[in-house]
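Asker:
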Amino acid sequence: MDGGAIRIKAALRDRRSISGPVDEGRYKGRWRVEAMFFRLKDFRRMAAGYARLARNIPSAVSPARRGGATGPEPVETG
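Start counting the sequence shown at 2; every next residue gets the next number (our numbering).
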């Protein structure tokens, strides 16, 4: 020990060496939660004014228009 320093050993192992059971059903359903957050980000961009073009708004509102999961039918505007 130099100058009163104390050597500390890490309590956690390297993440690559940690393995455990994985719930396949929950893991497969994870995309639904991720897709929801992606849509929320789209709405945030519209509210903040980043999506200034009118063509960007319907694609964010209706995921079916951009080839994602089927959602509500697109609403005709204008």
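Just so it is clear, CB atoms sit at the ideal spot from N, CA and C, and this is done for glycine as well.
Everything numeric in this text was worked out from a predicted model, so none of it was measured.
Per DSSP, what kind of secondary structure is residue 34 in: helix, strand or coil?
Answerer: Your numbering for residue 34 matches position 33 in the sequence shown. In the structure shown, residue 34 sits in a helix (DSSP, three-state: H, G or I).
Asker: Need the endpoints of the alpha helix (DSSP H) that residue 26 sits in, please.
Answerer: Residue numbering aside, residue 26 sits at position 25 when the sequence shown is read from its first letter. Residues 25 to 29.
Asker: What's the gap between the Cα of residue 38 and the Cα of residue 23?
Answerer: Within the sequence shown, numbered from 1, the residue matching residue 38 stands at position 37. Within the sequence shown, numbered from 1, the residue matching residue 23 stands at position 22. Looking at the two C-alpha atoms, the distance is approximately 23 Å.
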